[in-house]
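The numbers in this note's numbering rise by one with no breaks, and the one at position 1 of the sequence shown is 1.
Backbone N, C-alpha and C fix where the C-beta goes; we use that ideal spot for every residue, glycine too.
Below: the structure, in structure tokens.
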Amino acid sequence: MSVIKVVTTLPNSLKEFEVGEWSYALLSEKIVGCIQIEKIKSIFSWEGKINSVEEWKMTLTTKLSLIDQIIEAIHATHPYDVPQIVWHTVNTSQNYEDWINEVTMDE
1 MSVIKVVTTL PNSLKEFEVG EWSYALLSEK IVGCIQIEKI KSIFSWEGKI NSVEEWKMTL
61 TTKLSLIDQI IEAIHATHPY DVPQIVWHTV NTSQNYEDWI NEVTMDE
């Protein structure tokens, strides 16, 4: 099993409890084991303009075998037309990997 970190962002217009509800839904579906939430500033090009906005950064910890379900879940509920969805494999302790496997669904 490979543990991965998936990063997406949500608009700062969402209240903290709404971000919590969004996170809770992913955890309830057992497609992620942990979500870390922080406020960030993003600078990006969109429709020919440079934008600078505050956003919520969501770092989801899960296993690689669930990436398709995570992408589908993000697209189904995300307010952006093109949400950021990036991921990478991470090295973890065996205990942490076992815990992620225990709290997420089987492939």
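For THR77, the enclosing alpha helix (DSSP H) begins and ends at 67-77. Shown here, GLN36 sits in a strand according to DSSP, grouped into three states. Straight across, the Cα-Cα distance linking LYS41 with GLU55 is about 6 Å. Taking all protein chains in view, the Cβ of SER23 is crowded by 16 or more other Cβ atoms within 10 Å, so the residue is classified as buried. Nearest to GLU107 by alpha-carbon distance, out of ASN91, TYR80, VAL6, GLU29, is GLU29. Ranked by Cα distance from VAL6, the first of VAL103, PRO79, HIS88, SER13 is HIS88. According to DSSP, residue pairing for ILE50 in a beta bridge involves SER45. Of ILE31, GLN84, GLY48, the smallest CA-CA separation from ILE70 is found for ILE31.
The beta-carbon separation of PRO11 and PRO79, rounded to 6 Å, stays under the 8 Å limit for a contact.
In this model, GLU97 and SER65 are separated by some 13 Å (Cα to Cα). Secondary structure note for VAL86: it is in no alpha helix (DSSP H), and the uninterrupted beta strand (DSSP E) holding it is 86-89.
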